[in-house]
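Protein chains: 2
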Amino acid sequence: MRVLVVGANGQIGHQVAEKLKEKGHDPVAMVRKEEQVGQFKDKGIETVLADLEKDFSHAFENMEAVVFAAGSGGSTGADKTIVIDQEGAIETVDNAREAGVKHFAIVSSIGAGDPKNADQIKHYMYAKHRADEHLKASGLDYTIIRPGMLQNEAGTGRVKLFEGEPEVGNVPREDVAAVLVHAIDKNQPANKVYNLIEGDTPVEESI
Amino acid sequence: MRVLVVGANGQIGHQVAEKLKEKGHDPVAMVRKEEQVGQFKDKGIETVLADLEKDFSHAFENMEAVVFAAGSGGSTGADKTIVIDQEGAIETVDNAREAGVKHFAIVSSIGAGDPKNADQIKHYMYAKHRADEHLKASGLDYTIIRPGMLQNEAGTGRVKLFEGEPEVGNVPREDVAAVLVHAIDKNQPANKVYNLIEGDTPVEESI
Numbered sequence: 001m002r003v004l005v006v007g008a009n010g011q012i013g014h015q016v017a018e019k020l021k022e023k024g025h026d027p028v029a030m031v032r033k034e035e036q037v038g039q040f041k042d043k044g045i046e047t048v049l050a051d052l053e054k055d056f057s058h059a060f061e062n063m064e065a066v067v068f069a070a071g072s073g074g075s076t077g078a079d080k081t082i083v084i085d086q087e088g089a090i091e092t093v094d095n096a097r098e099a100g101v102k103h104f105a106i107v108s109s110i111g112a113g114d115p116k117n118a119d120q121i122k123h124y125m126y127a128k129h130r131a132d133e134h135l136k137a138s139g140l141d142y143t144i145i146r147p148g149m150l151q152n153e154a155g156t157g158r159v160k161l162f163e164g165e166p167e168v169g170n171v172p173r174e175d176v177a178a179v180l181v182h183a184i185d186k187n188q189p190a191n192k193v194y195n196l197i198e199g200d201t202p203v204e205e206s207i
Numbered sequence: 001m002r003v004l005v006v007g008a009n010g011q012i013g014h015q016v017a018e019k020l021k022e023k024g025h026d027p028v029a030m031v032r033k034e035e036q037v038g039q040f041k042d043k044g045i046e047t048v049l050a051d052l053e054k055d056f057s058h059a060f061e062n063m064e065a066v067v068f069a070a071g072s073g074g075s076t077g078a079d080k081t082i083v084i085d086q087e088g089a090i091e092t093v094d095n096a097r098e099a100g101v102k103h104f105a106i107v108s109s110i111g112a113g114d115p116k117n118a119d120q121i122k123h124y125m126y127a128k129h130r131a132d133e134h135l136k137a138s139g140l141d142y143t144i145i146r147p148g149m150l151q152n153e154a155g156t157g158r159v160k161l162f163e164g165e166p167e168v169g170n171v172p173r174e175d176v177a178a179v180l181v182h183a184i185d186k187n188q189p190a191n192k193v194y195n196l197i198e199g200d201t202p203v204e205e206s207i
């Protein structure tokens with residue numbers, strides 16, 4: 001499948017692109033800057049230059065699936081949380097629908113189901129919640145992945161992926177990427193919202 | 001009409017409550033703190049203690065209309081823009097619908113129709129936009145007022161209220177309050193989105 005990876009320059013997005021390629025898919029890494037192209041080109045991964053803060057509808061041509069893994073990150077303010085995490089995601093959903101994309105997978109956050117009662121970074125949970133709600137109402141087939149505390153250590157290939165009430169837990173970014181790729185690869189979108197923390201189930205059996 | 005004024009402790013909200021009272025309506029000022037009650041009580045205006053960041057559904061009992069004039073203001077960060085201006089408004093809309101409110105008037109902002117192309121405070125324009133879109137889709141009768149640059153000087157009682165493409169302009173907060181009260185008083189919600197700047201038309205003839 002031809003899959004647009006939005007936020008490919010981020011840690012999760014980068015690994016999503018690589019793992020899709022390994023599985024024989026045709027990922028297209030959406031990056032903002034020319035100097036971000038080389039790292040993908042070296043691995044035979046196609047890129048498209050596009051910016052979430054401008055018109056980026058050209059990036060969706062002939063795409064069958066989209067993985068949204070962009071985020072403004074911890075070093076910018078809450079203004080960027082609105083502009084990137086919330087509105088970037090919402091516009092990505094709208095572009096995907098417009099382009100006839102079949103499956104949309106998104107990195108959300110484990111507290112995004114109940115932002116009002118979030119203990120911390122409530123504004124971030126609201127932004128992720130608003131994006132998730134927009135995706136759910138879009139008519140697109142979706143997979144929403146809500147990981148716990150993201151870790152930089154290598155993935156284990158084993159996770160706990162579950163619906164319903166969230167639990168506190170950590171999860172390596174690499175395992176988040178693996179689950180996203182598994183969801184796209186399996187391509188049985190059932191319009192599900194999953195929590196994701198570290199666990200015992202092999203990623204390949206998680207969905 | 002019995003009208004809940006959300007954000008009654010703010011400058012616009014305060015004047016909305018007073019002007020509704022002068023017109024013979026029955027405003028209820030929603031305030032967060034006990035010490036904010038007295039200033040309304042002195043003018044014979046009913047109050048309800050409720051906090052946008054907690055459960056505030058009790059405030060809507062027997063309300064026929066709602067004016068949302070709350071805002072996190074310039075002294076807090078963009079995190080509060082999400083929590084108050086966007087999500088406070090969205091939850092107010094949901095509560096109003098739940099309570100069977102007939103008419104919902106909201107203070108938006110003149111750039112909120114096209115946040116992506118906003119010159120400045122883009123995140124604020126997105127937050128206001130998202131709240132407006134939620135109101136429009138709610139099924140409630142609505143009046144959305146998008147004022148230009150808010151001024152503290154006394155109102156003139158004359159405005160330019162118009163649909164379509166916005167124009168750059170100033171407008172005293174008191175005139176914004178007067179237009180909101182006129183919209184509620186006239187009670188012919190036509191589900192309109194208006195821009196509002198200073199002008200020559202008497203408020204009473206503006207809708």
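Protein chains in written order, with the UniProt record's numbering: chain A, 1 to 207; chain B, 1 to 207. A virtual CB, placed ideally from N, CA and C, is assigned to each residue, including glycine. Everything numeric in this text was worked out from a predicted model, so none of it was measured.
Cross-chain neighbours of residue i in chain A, by beta carbon under 9 Å
| i | result |
| --- | --- |
| B:Ala78 | Gly77, Ala78, Asp79, Lys80, Thr81, Ile82, His123 |
Integer-rounded CB distance, given that residue j should sit under 8 Å from residue i
| i | j | result |
| --- | --- | --- |
| A:Val66 | A:Phe104 | 5 Å |
| B:Ile45 | B:Pro27 | 6 Å |
| A:Glu61 | A:Ala99 | 7 Å |
| B:Lys33 | B:Asp185 | That belief does not hold up - the Cβ atoms of B:Lys33 and B:Asp185 are roughly 29 Å apart, past 8 Å. |
| B:Pro147 | B:Val181 | Contact flag wrong, Cβ pair sits at about 14 Å. |
| B:Ile121 | B:Val193 | With a Cβ gap of about 19 Å, B:Ile121 and B:Val193 do not count as contacting. |
Residues that DSSP places opposite residue i in a beta bridge
| i | result |
| --- | --- |
| A:Glu153 | None, per the DSSP bridge assignment. |
| A:Lys160 | A:Ile197 |
| A:His103 | A:Ala65, A:Asp141 |
| B:Lys192 | B:Thr143 |
| B:Asn9 | According to DSSP, which records beta bridges pairwise, B:Asn9 is partnered with nothing at all. |
| B:Leu4 | B:Val28, B:Val66 |
| B:Gln187 | For the record, residue 187 of chain B in the displayed sequence is Asn; it is not Gln. Beta-bridge pairing links B:Asn187 to no other residue. |
Where residue i falls: helix, strand or coil (DSSP)
| i | result |
| --- | --- |
| A:His25 | coil |
| A:Thr81 | helix |
| B:Val205 | Sequence check: residue 205 of chain B is Glu here, not Val. Correct three-state label for B:Glu205: helix. |
| B:Glu46 | strand |
| A:Arg97 | helix |
| A:Val181 | helix |
| A:Asn117 | helix |
| B:Leu52 | coil |
| B:Val176 | helix |
| B:Val168 | coil |
| residue 214 of chain A | The requested residue 214 of chain A does not occur in the structure, where chain A is confined to residues 1 to 207. |
| A:Ser57 | helix |
Interface partners of residue i on chain A, CB under 7 Å
| i | result |
| --- | --- |
| B:Glu87 | Tyr126 |
* For the region 108-134 of chain B, which residues have a CB atom closer than 7 Å to at least one CB atom of chain A, in sequence order? -> Taking 7 Å as the Cβ-Cβ cut-off against chain A, the residues of the region 108-134 of chain B that qualify are Lys122, His123, Tyr126, Ala127, Arg130.
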